[in-house]
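There are 2 protein chains.
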Amino acid sequence: MKIRLESGQIIAAETKESIYHAFKDNGIYLVSSCGGKGVCGKCRVRVLEGKSRIESTGKLRKDDIDSGIVLACQAFPEEDLLVEIPEESRLLIGDKIAVSKSRDFLDILIADGQGLLPIVRHVDLELPPPSLMDNMSDLERLKRALDGKGIQLRHFSYDFIASLAKALRSADWKVSLAYTENFEAVSLSPAEGRNKFGIAVDIGTTTIVLYLVNHSDGSLVDVGKTYNSQMRFGDDVITRIIHATEGGGLNELRMAVINDINDLLQPLVEKYEIKKEDVDSAVISGNTTMLHLFWGLDPSSIREEPYIPTLNTFPEWNAGKARIRINPQAPVYTAPCVGSYVGGDIVTGVLASRMHMNPEVALFMDIGTNGEIVIGNNEWLITAACSAGPCFEGSGIRFGMRATEGAIESVKIDPSSFVAELGVIGNTSPVGICGSGMIDAISELFFSGIIDQKGKFISGLETDRINIRDEGPEFVFHRGEFREIVLTEVDIENILRAKAAIYAGVTLLLKEVGLTLDIVDRVYIAGGFGNYLDINKSIMIGMLPDLPIEKFSFIGNTSIAGAYLCLLSEKMRKDAEEIANRMTYIELSVSRGFMDEYMSALFLPHTNLDLFPSVKALYIKGR
Amino acid sequence: MKIRLESGQIIAAETKESIYHAFKDNGIYLVSSCGGKGVCGKCRVRVLEGKSRIESTGKLRKDDIDSGIVLACQAFPEEDLLVEIPEESRLLIGDKIAVSKSRDFLDILIADGQGLLPIVRHVDLELPPPSLMDNMSDLERLKRALDGKGIQLRHFSYDFIASLAKALRSADWKVSLAYTENFEAVSLSPAEGRNKFGIAVDIGTTTIVLYLVNHSDGSLVDVGKTYNSQMRFGDDVITRIIHATEGGGLNELRMAVINDINDLLQPLVEKYEIKKEDVDSAVISGNTTMLHLFWGLDPSSIREEPYIPTLNTFPEWNAGKARIRINPQAPVYTAPCVGSYVGGDIVTGVLASRMHMNPEVALFMDIGTNGEIVIGNNEWLITAACSAGPCFEGSGIRFGMRATEGAIESVKIDPSSFVAELGVIGNTSPVGICGSGMIDAISELFFSGIIDQKGKFISGLETDRINIRDEGPEFVFHRGEFREIVLTEVDIENILRAKAAIYAGVTLLLKEVGLTLDIVDRVYIAGGFGNYLDINKSIMIGMLPDLPIEKFSFIGNTSIAGAYLCLLSEKMRKDAEEIANRMTYIELSVSRGFMDEYMSALFLPHTNLDLFPSVKALYIKGR
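Here the protein sequences line up with chains X and F, keeping their order.
Numbered according to the numbering used here, the first sequence spans residues 521 to 1143.
Numbered according to the numbering used here, the second sequence spans residues 521 to 1143.
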């Protein structure tokens, strides 16, 4: 059976596989925040020809259904189909995922006075061929040559030894030996001066970024980016942990991310004609759950009180064990974690921010699928995770979506006509609303007097921009051909919960160390989301603290930046471990006072307006 | 298709599989020294009913063929068969393989002042369960508890970590941790005080012996013995190395020995109701080729000049990697080797003999499929391998066989009638002749004046005991129903070559250190063969040096004894490594003077009778 697209593309399909999954298998991604479970109602496609079995119509309206619209995840082909994908349903991947270029991290290494010292080192050896007079074993011959260079290896893996005899002879006894900083043999290759490479990978809950790095000069050869295929099992870490505990779920999740990494790497090594054996080290960063899933470790106790990961500091296992398709003996360095909800991505983030080196107190915020906060300096570091939830990435918001083409990223509402002027990524017609758009929208709805301090619609406003539905009122940002794009009162409630969690986290951490906001000299906003964030509007809604705008910096995806640093420098890896050890981890959910802070922060911008002097001024002016 | 035996046993068969192999697959072993290649002519069976395709009749005589005799390895069933296995063709395995009981090796450990210090140690830990106030990761919790005991582990394998969360929780945080002497974590089990076990294995070219040992008191729980199934690929190491270089051959050889070990272990763990997880360490001994094959390492360069093994000192890899079915995390200690032809079996043999501890000079001889010699004391050790070949185990000798039931093990020839009085293992009618029988036979043939100093039949003797065939003369030891049991002039030549290689090796080693035989205080005869050897007769034929009989001791299978010591004591493992390092390995084939020594030793007992004063006396008396 096959599905034909209007573009002429034809893909194979089976009755037991939904259109959504058939598309996904062929690299066609549809907008979906529920991962193809018929819940979010976003993967709408129109079946023009052919019959399909519909399991659920979800939130589709009757006129949609009449016009042939189906939820792709709930439609199973029963014969050949001709399908149209509305622009707003198609998820574009690739260049649209932000990659930080805001700092040249190689400069950090140079500024730090550090040379390159990758996890894997290389030494060229020329062994005298064996003879009856000099008949020691291959391994002893190798060790003797290493002794001559002052190198003593501690461990030889089985696979290294199993390939030793052939490797030495086929290279005519002139070899390049790769070994780890822990003095474990990695591999032998002919000493032809070939370049060696490493990969740094950031496994985000939503996106995966891979850097291919040349070890000889530390240069970034290329970057690969993709969505984390684990999304099909759920948007957030909790849903995925639950899936991991279901039969075979753990392996599914593991292989999803492993395949993503391998799929990112494959075209790069082909493009640059690099042998996989010459990619002989890797650094993996990500949150604690992502790192557990990457290694196939059961994450279930991360989810259950008292929230315990199997481990925070990972031993250096090899790529063969990880199943990533580089040199199977390559050591894989896993970014050290602090606890179940402050992972290696935050540690490498702090590393890349350099806040751990400076005497000034900095606030580091990573607002991604979850929100993690670090406050501190070169003497102390304190951290917490706020259960902000993935709403800023589109989940739980009716028209929520990631910051890709078609996403409303900025909003301006005319306070008299209530007409919204929209900034849309890619300047196309809007498809949904992303995190920065939500923040803008809340701020504008509030300052235009459409919603109150609690986020509730003010009743009795005379406008066709507000629909009153059974579920409650909703604001219409855009009226399109297929559908209106709205923000419901429930959506707004979700967004307020997220922003309140973040702000309460910051306040509580400061309280823990007995300090107040004025001690904070710098605020680093990390994470892909950060790049699109309007600082002012974020302060307006009370998500970010009311500090002078010049104190804020966007530092992009610091997880991949820190992973890249770790790949290249032993000092950076030591620093990362020290950061993880130094950080005091506060479990917010059991912190006295957190719930009070959170409840106070649920208001716009806050119950205590004095905490937001700049907002207060504007607010008083507005009344 | 099936083959029915006279006993009523029915076994499955296929046209593409020889009768020999069909039998073997069902645990019925036939006498064969060529491994089922149609060369040795020993696997004779009689097909009573049914048709089979005969690829070769080998050395069968016409009357044999007429009576239905076939070579089982050359006969392929074409329909159901009824087959008779003559007693002399059936190889009995099991209790007939000698296991040394000559020393209680546990006494050595006690005498040495050594406690038991197995490769794997165990510590009981009771961890406080995690709470929100004490929320470190599982691994950190474990490390903290270990710190409390003063134990710092260096390495945690992937498999250990992958099972950690479950192991801790299912044991309710009260666990017994196993770790290696190198401080690598092995496994966690509930702390219920269960006994832990280890195995010591000697992989001989011909036989495999397994000791199951209780770690708590070092006691030997039980012993398993079997033939090395690699025999079907050839009798000696050279044939097997050649097979290993053929497509898939290496893996076949590896799995043959691995399956043998697993098959030995299975009934023992069942019998004693031991969980496989509780068998958490192993020591493997054997010659260099056997150890390479056990680990699946390409042995090809062992065979080719300059005879280089991949390694002599093996890292401690785990049982999972080795594929032996005990605790997959169990460390496997491989006996250290000296060179391609002096392996771990000789090192553990010296260890068990204790010659490396004593000031008196000892000569250690292991006359198995090959012949290895060590001379030395607590200050020096020198070693060599003599290519004696496997003739003493039956190979290359027309009626040669191993020392199992039906083997002629002693011979006495009446010098007037030339009638041979035979000692047969099991007191049955003789089937063939084993190594000790061959030595007796040569000695008797010589002293009865039937063969001369060169091993040639003296012509013109009037007796029906000598057949004159196209290939040359042969002496008839026994006239049976099916066949005569003879020793041919070619057989005798092969035996003389073997004994000459051994004697020349001893002489040459002594020459290398500038000493003579009178320095030797003790001669240790190791190896299964040793148990049946007649010292006097061996001196008579010039295989063993002419020393007072009280200097000789049989010490049995010292390879398994040494492996057992290594399993239980760190000191013994260190000693083994020191022995391997201290031994000077002489490559006889390139030693100046070896060929002269060998040629002189081809005579009975030697060209220089003065080297054998006791034989000279007898010889002169006899003339």
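Each residue gets a CB set at the ideal place from its N, CA and C atoms; glycine is no exception.
These numbers were taken from a predicted model, which means no experiment stands behind them.
### Message
Taking only three categories from DSSP, how would you classify Ser956 of chain X?
### Response
helix
### Query
Where does Met1060 of chain F sit, in a helix, a strand or coil, going by DSSP?
helix
### Query
Comparing the C-beta of Phe1002 of chain F with each C-beta of chain X, is any distance below 7 Å?
no
### Query
From Met885 of chain F to Ile1080 of chain F, what does the alpha carbon distance come to, in whole angstroms?
15 Å
### Query
Rounded to whole angstroms, how far is the Cβ of Ile945 of chain F from the Cβ of Ser1058 of chain F, which I believe are closer than 8 Å?
Not really, about 18 Å apart at Cβ, beyond 8 Å.
### C-beta contact flag for Cys906 of chain F and Gly896 of chain F at 7 Å
no
### Query
Using the rule of at least 16 other Cβ atoms within 10 Å of the residue's Cβ for burial, across every protein chain shown, is Ile530 of chain F buried or exposed?
exposed
### Query
Nearest to Thr700 of chain X by alpha carbon, out of X:Thr1036, X:Val803, X:Ala940?
X:Val803
### Query
Quick one: does Ala923 of chain X have its CB under 7 Å from some CB of chain F?
no
### Query
Which residue from X:Ser937, X:Asn947, X:Glu991 puts its Cα closest to that of Leu965 of chain X?
X:Ser937
### Neighbour-count burial assignment, Met921 of chain X, 16 or more Cβ in a 10 Å radius
buried
### Query
Which first and last residues belong to the beta strand (DSSP E) in which Arg760 of chain X is found?
That residue, Arg760 of chain X, is in no beta strand (DSSP E); its alpha helix (DSSP H) goes 757 to 764.
### Query
Since Phe543 of chain F is in the alpha helix (DSSP H), which residue starts that stretch and which ends it?
539 to 545
#### Entry: Close beta carbons around Gly992 of chain X, own chain, < 8 Å, minus the five adjacent residues each side
Phe977, Thr1008, Glu1009, Val1010
### Message
Distance cutoff 7 Å, beta carbons only. Does Ile828 of chain F sit that close to anything in chain X?
### Response
yes
### Cutoff 7 Å: Phe676 of chain X Cβ touching any chain F Cβ
yes
### Task
Determine which residues share a DSSP beta bridge with Phe977 of chain X and list them.
X:Ile971
### Query
Roughly how many angstroms lie between the CA atoms of Asn748 of chain F and Ile971 of chain F, to the nearest whole one?
36 Å
### Task
State the Cα-Cα distance for the pair Arg823 of chain X and Gly909 of chain X, rounded to the nearest angstrom.
14 Å
### Within 8 Å of chain F by C-beta, residues of the segment 808 to 828 of chain X in sequence order
Trp815, Gly816, Leu817, Asp818, Ser820, Ser821, Glu825, Pro826, Tyr827, Ile828
### Task
Taking all protein chains shown into account, decide if Tyr853 of chain X is buried (16 or more other Cβ within 10 angstroms of its Cβ) or exposed.
buried
### Query
Ser572 of chain F: buried (16+ other C-beta within 10 angstroms of its C-beta) or exposed?
buried
### Message
Going by the DSSP bridge assignment, what does Tyr731 of chain F pair with across the sheet?
### Response
F:Ala720, F:Val743
### Helix, strand or coil at His1126 of chain F according to DSSP, with G and I counted as helix
coil
### Task
Hey, could you find the ends of the alpha helix (DSSP H) Cys1086 of chain F is sitting in?
1078 to 1088
### Task
Starting from Ile681 of chain X, find everything on chain F with Cβ-Cβ shorter than 9 Å and list it in chain order.
Trp815, Leu817, Thr830, Leu831, Phe834, Pro835, Trp837
#### Entry: For His642 of chain X, the first and last residue of its enclosing beta strand (DSSP E)
640 to 646
#### Entry: Counterpart residues of Pro993 of chain F in DSSP-defined beta bridges
F:Ile988
#### Entry: Reference Ile589 of chain X; option with closest CA among X:Ala542, X:Ser690, X:Asp1038, X:Phe1002
X:Phe1002
### Task
Could you tell me which of X:Leu697, X:Ile933, X:Pro819, X:Lys974 sits nearest to His1126 of chain X, measuring between CA atoms?
X:Lys974
### Query
Rounded to a whole number of angstroms, what is the C-alpha to C-alpha distance between Val695 of chain X and Ser651 of chain X?
18 Å
### Message
On a Cα-Cα basis, can you pick out the residue from X:Lys544, X:Lys663, X:Arg581 that is closest to Arg610 of chain X?
### Response
X:Lys544
### Bridge-paired residues (DSSP) for Asn838 of chain F
F:Pro851
### Query
Considering only residues of the same chain and omitting the five flanking positions on each side of Val777 of chain F, which have a CB-CB separation below 8 Å?
Ile723, Ile728, Asn748, Ser749, Gln750, Met810, Leu813, Phe814
#### Entry: 7 Å Cβ cutoff, Ser651 of chain F in contact with chain X
yes
### Message
Measuring straight from C-alpha to C-alpha, what distance separates Ile1099 of chain F and Val1026 of chain F?
### Response
19 Å
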